Every structure is written in C-alpha cells, then in structure tokens.
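Structure first, commentary second.
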Amino acid sequence: MNATTKRVLVVGAGMAGLCAARELAEAGRHVLVLEARDRVGGRIRTHRDQGEIAELGAEFVHGQSPELWDLIREAELETYELDGKDICHRQGKLKKCDEQGEMFKFLNGLERWMGPDLSFADYPPLQNLSPEKRDEVINYVQSFNAADYRQIGVHALAVQQHAEEEISSDKVFRIKGGYDLLPEFVAKKVREAGGRIELSRTVERIEWQRHRVQVFARDGGELAQYSAEQAVIALPLGVLQHLVVVFDPVPAPLIASNQLAMGPVRRFTLLFRERWWAEHEDVQLPAMSFLFAHDAMPPVWWTAHPWETRTITGWIGGPRSAAFAQCTREQIGDLACAELAKVFSLPLAYLRGQLIGCATHDWQTDPLSCGAYSYVPVGALDAVLKMATPVRDTLYFAGEHTDVTGHWGTVHAAMRSGLRAAKQVLSSTRAQVHELSVRQG
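In terms of UniProt numbering, the sequence shown opens at residue 1 and continues consecutively.
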C-alpha cells in the first residue's frame, strides 16, 4: 500500500478524534473512527426538553480560539455572548459582584511566580489573603478546574492563565442551537471526505508494533478486529487511567497519563414553568448571568441570559461535587430548590411548584468518561508533553488532557490536540515516503 493512503484508526469520536479524523480523511488517508457511544461528541451532550436546551457536558465557547471559531463559522452556527450581570450572595444578601476583579488580579499573579512548582494550597500569596477572600479564591480554582486545590500545580495554573489571556477567555459565548451541532458537523465532514465512523463499538484491546495496530472492539456481543498502520487514541484521560482499554505493549503516554488527574464535576439544569427570578424585587436579577453563592451548594449558578429561557444551571467542580454523588435527578431537583429558596428568600413550596424537571449526567460514573475533565497536578507538566509525543510513528494520543498550550478541560483544547495528532501522522507519512525513495534511489 502506498504510504499516502495508509489506514488510520481513530479511537474515540469526541472533538479530538473527529478533528483528527477530518484532517486525515481530507488529506487522503483511509480513516475509520470507532466510538463506544451511540452518538458522536463525547463529553459534549445536549439535552432538549419542551423547547429548552440544556448542556449536560461542555457548554461555553471560551474566548476567541481561532480553531473553534473557524469551525463555528464554517458550520454557520449562531452564537451569542454572555453579557449579563454577575450576582454574589454574601451574608444572606444578593448584590452585584464588585470584587470579582480582585480575585482575577490575584490569579493573574500566578504568571509572575518564579518559585518551584507547588500545590495551590501551598502557594505563599494565598496565605496573605483574608479567610473570606482565601475561601473564595480556592472555591473558584476548584470549581473552574474541577480540581483539588491541594493537588493542582501552580506552574500549570500559570500556564493556563497565560493561555486564557492569549484568547481573551474573559469573553464567554454559547452556541444557540446546542453544542452538539458542532461535533455532528465535523462528523459529516469526515464522511464527506471518505472517512467512516462506526458507533457503539467498544474498544477493549489495542495490540501494536511499529507501523501495525490491531484494535479489538465489541459490537454488542461480538468482538471484531480492525487493523491499520497507525492509530490516534482520542480517549478521555479517565478511561486511560482506569485501564478500560488494554494496550499491549504499554506505551509511554499511558504511563505518563497516571501523573495527570481527572477532575469531578456535578452539574444540572433545572427547568421551571416561568422565569421567576426575572420577577424578583431586585432589579438586577432579570439580567443575571452568573450567581456566586459561596456558602450554598452548589456555589455557582447561571442562566442563559441574554437568551430568555426558563432554565438555571447549578455547578459544583472539584471535591465538593461529592455532595451530590449518590443523588437521583429528583433528589437533586429537590435539594437545588431548597438552596435557591434560601438564596432568593423565596418559599420552598413556591419553587418546588415552579420546577418542571432536572437534566443532568454523572460523568464520574460514566465508564466512557470516568470524570469530567483533566487538570495538571504538582510536577506533572512534563506528563502532558509525554502524552503528546508520537509512539514509534504508530500511536498518537489526543484529547484535552494532551493539549500543550494550557487550555486543558476545554473544547478548543480537544480540537487542537486532534489537529496536532493528525499533523504528526501526516508528517510521519512524509518521512516514510522520503525514506522509501532514498532506499529505492
């Protein structure tokens, strides 16, 4: 077989795998994508109910990542920017968050840290804050990164802060029709370029040697075997760490994956009969985007403003998410109404009467994700580079956890990693063609 038409298997049809598959298929490679779920998109999962949209996984377009925005424009998807008010609940009162800027200024200081890599808990400037400010900063770091502040490294946080500034990630957008439209569009492009995507194919084992890969995947009860010269492994970090897929032999990136961490998140979207917060006596609440209630559980809430929907989303990232670990949807809805009743000083019976439903997905117990998204613990930055390094021109790992630019845990990180893996495959092919021509010459 000519080197330019070699087969490539892509394991995983999240955004990393799909972007890699498209790039390779459009370059003329024979591409087969194997996905365990019955849909594409991975940790992008959109729920639709009574005309309302709830994102159960990735929701926001963070900043101005060129890869992501180029794709959004190509797919002609409508977006809107979150431009509402941030509201804080402190000491039993709701008010505009006037002090958020101080917290972000503190976090920006991470870029100036010249000391050794430490956990955020041991970061010296943190100790200089008042107890209240310290708790707020810790809550933010844990919530945003789905991380334990006693484990996440300050060097990684500094890289992340710089990466966010590079793309103006203080600007946040949504895709109006639902985030799942994006992976569906990329999947269509993969197929148009001649690539194949097979769903409900659970990969159990990958055997490999240089320029030869055999993947064993189960379709229902039967185990099928797929062969290729190269493979892009676009599985979530948690799946790799739990050894859901057996590699023989064990590649170096799989060993490096154990230095990283998969963070837990519990999020849910409540659907109400009416936008009751818009009728609140506080005139700022109709324009509320985010609500930060550090003494509540969840501590972070948001609406779809300026899109006037009847939904409110609750978010808990990091260790505190364990508070909802064993809860059913009904229990979550009940507990959430109780918290909102306290925060907004409303009768609990009224909110329970307003509640229509609760949409959620437990990514921690989902065996195809084993967590929400990744973060980098103390001393583990090198592990990211190891995961992004090709293995004998045969295996290429992709996924948000392999992003080398610091955007871990985001859709654009997944995309970048997939495009990077595809370019590595194509570069390897060109090198092989050159080597072959030299030998024949």
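Each residue gets a CB set at the ideal place from its N, CA and C atoms; glycine is no exception.
Since the structure is predicted, the reported quantities are computational estimates derived from the model, not experimental observations.
- Comparing alpha carbon positions, the residue from 237, 267, 11 and 273 closest to residue 256 is 237.
- Relative to residue 233, the option among 133, 421, 302 and 25 whose CA is nearest is 421.
- DSSP places residue 337 in the helix class (H, G or I) of the three-state scheme.
- A distance below 7 Å between beta-carbons, with the five flanking residues on each side excluded, links residue 368 to the following residues of its chain, in chain order: 36, 37 and 239.
- As DSSP reads the structure, residue 313 sits in a beta bridge with 269 and 302.
- In this structure, DSSP gives residue 94 an extended state, which the three-state scheme calls strand.
- Taking C-beta atoms as the reference points, residue 403 and residue 384 count as a pair closer than 9 Å.
- Excluding its 5 nearest sequence neighbours in each direction, residue 81 has C-beta neighbours in its own chain below 6 Å: 173, listed in chain order.
- With contacts defined as CB atoms closer than 9 Å, residue 380 and residue 158 fail to qualify as a contacting pair.
- The beta strand (DSSP E) runs of length 3 or more contained entirely in the stretch 182-252 are, from start to end of the chain, 196-198, 202-209, 212-219, 222-228, 230-233 and 246-248.
- Scanning 305, 261 and 309 for the CA closest to the CA of residue 273 turns up 309.
- Boundaries cannot be given for residue 324, as no beta strand (DSSP E) includes it and DSSP labels it neither H nor E.
- Using a Cβ distance threshold of 9 Å, residue 71 and residue 186 count as a contacting pair.
- At a Cβ-Cβ threshold of 9 Å, residue 264 and residue 319 count as neighbours.
- Counted as a single uninterrupted DSSP element, the beta strand (DSSP E) harbouring residue 80 occupies residues 79-81.
- The Cβ atoms of residue 165 and residue 62 do not sit closer than 9 Å to each other.
- Between the C-alpha atoms of residue 323 and residue 399 there is a straight-line separation of about 28 Å.
- If you check the CB distance, residue 33 and residue 12 come in under 9 Å.
- In this structure, the beta-carbon distance from residue 200 to residue 219 falls below 9 Å.
- The DSSP assignment places complete alpha helix (DSSP H) segments of no fewer than 4 residues inside the UniProt domain "Amine oxidase" (15-97) at 15-26 and 66-74, in order along the chain.
- The three-state secondary structure of residue 350, taken from DSSP, is helix.
- Under the three-state reduction of DSSP, residue 110 is assigned to helix.
- Spatial neighbours of residue 213 in its own chain (CB-CB distance under 8 Å, excluding positions within 5 residues in sequence) are listed in chain order as 9, 206, 207, 227, 228, 229, 230, 231, 394 and 395.
- The C-beta distance from residue 370 to residue 241 rounds to 7 Å, short enough to meet the 8 Å contact threshold.
- Residue 120 is bridged by DSSP to nothing; it lacks a bridge partner.
- Under DSSP, residue 9 forms a beta bridge with 32 and 231.
- Selection 301, 269, 289 and 198 evaluated against residue 330 yields 269 as nearest (Cα-Cα).
- Taken in chain order, the whole alpha helix (DSSP H) runs of length 4 or more contained in the stretch 376-439 are 381-387.
- Residues 208 of the same chain have their beta carbon placed closer than 8 Å to that of residue 249, with the five preceding and five following residues left out of the count.
- If you draw a straight line from the Cα of residue 110 to the Cα of residue 246, it comes to about 38 Å.
- Taken atom to atom, the span from the alpha-carbon of residue 415 to that of residue 348 is near 43 Å.
- Cβ neighbours of residue 254 within its own chain (closer than 7 Å, five residues either side excluded): 240 and 247.
- Less than 9 Å separates the beta-carbon of residue 178 from that of residue 55.
- Fewer than three beta-carbon pairs drawn from the stretch 108-126 and the stretch 280-292 are found closer than 8 Å, and the two stretches are therefore not classed as touching.
- For residue 289, no alpha helix (DSSP H) encloses it; the enclosing beta strand (DSSP E) starts and ends at 288-292.
- Selection 22, 17 and 60 evaluated against residue 313 yields 60 as nearest (Cα-Cα).
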